[in-house]
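Residue 268 in the UniProt record's numbering sits at position 268 of the sequence shown; the count goes up by one each step and never skips.
Built from N, CA and C at the ideal position, the CB exists for glycine as well.
Presented below is the structure to which this report refers.
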Amino acid sequence: VNSSMAHRLFTAEEEYPDLENHHSHMAHCLTETVYKQLRGVETDSGFTIDDVIQLGVDNPGEPYLMPAGCIAGDEESYRAFSAFFDQVLEARHNGFKKNDVSRNNTMSENVKGGDFDGKYALTSYVTSRRNVKGFALPGHFTRGERRKVEAIAKSALSGCDGEFGGQYFSIKGSSDKDLEQLAVVFKQPISATSQPTIFARDWPDSRGFWYNAKKNFLVKVNEEDHLSVLSTETGGNLVPSFRRWVEGVAAIENGVKKSGNEFMHDERYGYIATCPTNVGTSLKVGVVLKIPKMMKYCRLEEALMRLRLEKIDLGDCVDVSNIDRIGLTEVEILELVIEGVQFLIDCEERLEKGQKIEKYVNILRQK
1 VNSSMAHRLF
11 TAEEEYPDLE
21 NHHSHMAHCL
31 TETVYKQLRG
41 VETDSGFTID
51 DVIQLGVDNP
61 GEPYLMPAGC
71 IAGDEESYRA
81 FSAFFDQVLE
91 ARHNGFKKND
101 VSRNNTMSEN
111 VKGGDFDGKY
121 ALTSYVTSRR
131 NVKGFALPGH
141 FTRGERRKVE
151 AIAKSALSGC
161 DGEFGGQYFS
171 IKGSSDKDLE
181 QLAVVFKQPI
191 SATSQPTIFA
201 RDWPDSRGFW
211 YNAKKNFLVK
221 VNEEDHLSVL
231 STETGGNLVP
241 SFRRWVEGVA
251 AIENGVKKSG
261 NEFMHDERYG
271 YIATCPTNVG
281 TSLKVGVVLK
291 IPKMMKYCRL
301 EEALMRLRLE
311 KIDLGDCVDV
321 SNIDRIGLTE
331 VEILELVIEG
341 VQFLIDCEER
351 LEKGQKIEKY
361 VNILRQK
């Protein structure tokens, strides 16, 4: 029995999922009352509340991680299931309330700092998601939709020139060795956040990526979202990477518009993305840092939370990026990351000199 028919055969109480020992925003926000309220709701493309939550139901997660545990299937999902998604967004994005709206500003001329010491900052990057209006999102794609979105993306990217001129590579025609040489991680998605049956249907049909000549601008096509745009910079100079991202996204959007299409955008939710983690500006700004003493510091997690940053451990390095994507503008996110990364580097330098950093962590105000 599919999810769109289940509500006619079983009660909400009979269908409510067992979320005991689940660790996700979905598990914390999906009460039986909300589930009952939304069971009869279905978007025009046929997406239901059971489709929204199934990824998180199947992947309980771990106590030390807090994934969203849910996905949108189309542009309509966030409004159709707002009684649920609004709670997830508030929990995930630092209290983004149901009456708040997404804000945008990419004018970075007055941004100060962001050129970090290369002794500590190894790589900087800016990445975001975009999806084409009128098509389902990858977790709810038909084969025809996926192929059409790839065609739109290839057409838009082929029109990019100058710094963004490059080449499109189809995953179907690329070997693992080719992908490794291009430093592209684009494998069949099997993980706690991307279940094969959701994102890997018909793999590798209509998946690919675009690289510019300098290999510092990458666009993945039909991964978790229609387009995933990445601008990178060797070393710690964030602002050039940010400006390249701004110009690159604008160039792609112009190409998409030339084909009579446009990106999904909502007045409240901003740029629509599959995962509620990535709605709003959809912007992730990060720096890979080599700060061994701070990585061992017992209050690092507390300091990061106060700075509204999160980390991914990479062996002897750490990838630090913004937690929140909505409620702040793009420039505010950039400035937040610059301020936070500089704080971490300053603390590392103090620890190298044998100084204590407790007072600096203590005066950090929760953002």
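- Look at the beta carbons and you see the segment 276 to 283 touching the segment 54 to 72: at least three pairs across the two are nearer than 8 Å.
- Look at Cys347 here: in three-state DSSP terms it is helix.
- Looking only at Ile326, Ala273, Asp316, Cys298, the smallest Cα-Cα distance to Arg308 is reached by Ile326.
- Secondary structure at Tyr271: strand, using DSSP grouped into helix, strand and coil.
- No Cβ-Cβ contact shorter than 9 Å links Phe199 with Glu233.
- Rounded to whole angstroms, Ile345 and Glu339 show a C-alpha spacing of 10 Å.
- Residue His140 holds the alpha-carbon nearest to the alpha-carbon of Ser45 among Ala91, Asn216, His140, His265.
- Annotated three-state conformation of Arg207 is coil, per DSSP.
- Taking a cut-off of 8 Å on C-beta distances, the segment 243 to 256 does not touch the segment 36 to 51, as fewer than three cross pairs fall below it.
- Leu230 places its beta carbon 9 Å or farther from that of Lys214.
- Between Leu334 and Val239, the C-beta gap is smaller than 9 Å, which places the two residues in contact.
- Secondary structure remark: continuous alpha helix (DSSP H) runs of at least 4 residues inside the segment 246 to 297, in chain order: 292 to 295.
- Residue environment: Arg92 is assigned as buried (16 or more neighbouring CB atoms within 10 Å of its CB, all protein chains considered).
- Of the residues assessed, Glu150 falls on the buried side of the cut-off, its CB having 16 or more other CB atoms within 10 angstroms.
- Restricting attention to alpha helix (DSSP H) runs no shorter than 4 residues, the segment 21 to 52 encloses them at 25 to 29, 32 to 38, ordered along the chain.
- DSSP, read as helix, strand or coil, puts Glu233 in strand.
- Judged by DSSP secondary structure, Asn322 falls within the beta strand (DSSP E) whose first and last residues are 317 to 322.
- Residue range 143 to 158 is occupied by the alpha helix (DSSP H) that includes Gly144.
- Cβ-Cβ separation between Ala136 and Glu145: approximately 6 Å, consistent with a contact (criterion under 8 Å).
- In the structure shown, the three-state DSSP call for Ser241 is helix.
- Of the residues Pro67, Thr11, Glu352, Glu14, the one whose Cα lies closest to the Cα of Cys29 is Pro67.
- Residue pairing by DSSP puts Val219 in a beta bridge opposite Trp210, Val229.
- In this chain, the alpha helix (DSSP H) harbouring Arg79 covers 77 to 80.
- Contact between Ala12 and Arg129 does not hold, since the beta-carbon distance rounds to 32 Å and is not under 8 Å.
- Distances from the CA of Met294 to each of Leu283, Asp316, Arg306 were compared; the closest alpha carbon is that of Asp316.
- In the structure shown, the three-state DSSP call for Glu310 is strand.
- Going by DSSP, Tyr125 is part of the beta strand (DSSP E) stretching over 121 to 130.
- One thing to note: Val337 has its Cβ within 9 Å of the Cβ of Val320.
- Within a 10 Å sphere around the beta-carbon of Thr48 sit 16 or more other beta-carbons, which makes this residue buried.
- Burial is judged here by how many other beta carbons sit within 10 angstroms of a residue's own beta carbon; Thr127 has at least 16 and is buried.
- In the same chain as Lys97, and ignoring 5 residues on each side of it, the C-beta atoms closer than 7 Å to its own belong to Glu90, in chain order.
- Collapsing the DSSP output to three states places Tyr360 in a helix.
- For Val288, the closest of Gln342, Met305, Gly260 by C-alpha to C-alpha distance is Gln342.
- Here Tyr125 is near Gly286, since their CB atoms are less than 9 Å apart.
- In the three-state scheme derived from DSSP, where H, G and I count as helix and E and B as strand, Asp176 is classed as helix.
- Relative to the Cα of Gly166, the nearest Cα in the group Phe217, Pro292, Asp58 belongs to Phe217.
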